[in-house]
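Residue numbers (our numbering): 129 to 645.
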């Protein structure tokens, strides 16, 4: 099924995924591409619209990301955001200068309701709050443009060239702090680009099931790397719908799961009409990780070892070159692992399979690689998965290995498992489990002096992390009541060996990521 496409051109902005997610929320399919993507390649994709992201640079610096002026003459509507706004102005002959007064955070902004970006928003006042983050501003508009919004210190908070369908905003409409921001993006897509909103999980489900049947064929089999998380569980249901008993789900218990989790996953999938295989590989993985402290190296080792386990299972089940390997890779995995010249935020184990393992299969199936996490959850509902699986907290493929700072040992894993269990149990008892999007414990590599009874201790510090988020691309720390934290702290220190100090992480994303490593 062919969908209308919006391209998000990334200029190094921290909100590139969030912009794409907002476009999807408006029912329009979109993909993130590097600003270095050739113009001819962009033209060939036939997008209905293009959005420029923000970025950390100043457009007048020689080393800053640039774009060919040709892009503005393709007849494709363009929306520039923050750096993208300044880049549009600068490239088309306007002037950009350093702000006399920089603007950061919530800023009162006056809008011109005659601009299509702000049109039809009945309850939007002429003045509303936008989220600013800039030290440069447009000091002179390019020819053919007019200002459509301003703040006390920024005369061009938005601009348009209606005839050429070029629009730009200095603020960030994609973040929750900008009032009516998603509606502005929707206006660009629907009123300027003429999008019909044809991207739904119902349509995606039907089209993907048929596509999988066609690709796998009537005799092909699939070996699915099942972690028990949301992504691989939804993929299992999707493949079961497509090929039924020709699917084999391989659940690799690497000894780095949460407490009782391996048994829970096995029990959940025992109810499904699929071939389920549990591989107990704790010793195998821990031996490979012995002495390894670097988190990227941990990810590479675990990703590779997953692949070797699947290779061994493929041999055991007689998998041949006509068969397939399937993974629950989702779109943020693809973006964060790096595309082309993009910076790698972190390596995802799904993207690290050894070439020799991949070569044993006809192909690697990643049908969820176009989807964001909340789209995956919605797809799960379309497929009839139970809500407890669909809404399960995210859990990284490398498991506790990246929640143990420094070298991984069985003793540390057991310590963290017990502490994390208490944390999650007390959050549930307090009725906060539905309010906090994700919460977990991290065993730091920091040891400190403590006193227990009449004795001196020198044990590890445990960090607790809890966040609230709607999309996992930005997140705020959860305001867990002190009395709940007090109970959690007392229980962990009293019941779990090797921990004598508890701290709570109060950092938002950005600047931090949700996981520590």
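Every residue, glycine too, gets a C-beta built ideally from N, C-alpha and C.
| Check | Outcome |
| --- | --- |
| Check whether the stretch 626–642 and the stretch 588–606 are in contact - that is, three or more C-beta pairs closer than 8 Å. | yes |
| Can you check the stretch 574–643 for any alpha helix (DSSP H) of at least 4 residues that lies completely inside it and give the ranges in chain order? | 610–623 |
| Hey, could you find the ends of the beta strand (DSSP E) residue 134 is sitting in? | 133–138 |
| Run through DSSP, which three-state label would residue 565 get? | coil |
| Determine the direct distance from the alpha carbon of residue 183 to that of residue 413, and round the result to whole angstroms. | 39 Å |
| Spatial neighbours of residue 421 within its chain, please: C-beta separation below 6 Å, excluding the five flanking residues on both sides. | 534 and 535 |
| With a floor of 3 residues, list each beta strand (DSSP E) that falls wholly inside the stretch 161–192, ordered by position along the chain. | 177–180 |
| Check residue 338 in the structure and name its three-state DSSP category. | helix |
| Note down, in chain order, each residue of its chain lying with its Cβ closer than 8 Å to the Cβ of residue 300, except the 5 sequence neighbours on either side. | 143, 182, 209, 210, 258, 259, 260, 261, 306 and 309 |
| Whose C-beta lies closer than 7 Å to the C-beta of residue 417 among residues of the same chain, with five residues either side of it excluded? | 426, 429, 529 and 536 |
| For residue 221 versus residue 270, is the C-beta spacing smaller than 9 Å? | yes |
| May I have the straight-line CA-CA distance separating residue 462 from residue 268, to the nearest angstrom? | 38 Å |
| Quick check: what's the CA-CA separation for residue 147 versus residue 581? | 54 Å |
| Helix, strand or coil for residue 298 per DSSP? | coil |
| Go ahead and pull the three-state DSSP assignment for residue 268. | strand |
| With distances taken between CB atoms, is the gap from residue 499 to residue 507 smaller than 9 Å? | yes |
| According to DSSP, is residue 243 helix, strand or coil? | coil |
| Name the DSSP beta bridge partners of residue 259, please? | 234 |
| Determine the DSSP secondary structure at residue 157, reduced to helix, strand or coil. | strand |
| How about residue 137 and residue 178: are their beta carbons less than 9 Å apart? | yes |
| Find the nearest neighbour of residue 175 within the set 131, 356 and 248, judged by alpha-carbon distance. | 131 |
| Would you check if the stretch 341–350 and the stretch 285–301 touch, i.e. whether three or more CB-CB distances between them fall below 8 Å? | no |
| Please report the distance separating the alpha-carbon of residue 447 from that of residue 405. | 14 Å |
| What separation, rounded to the nearest whole angstrom, lies between the Cα atoms of residue 600 and residue 503? | 12 Å |
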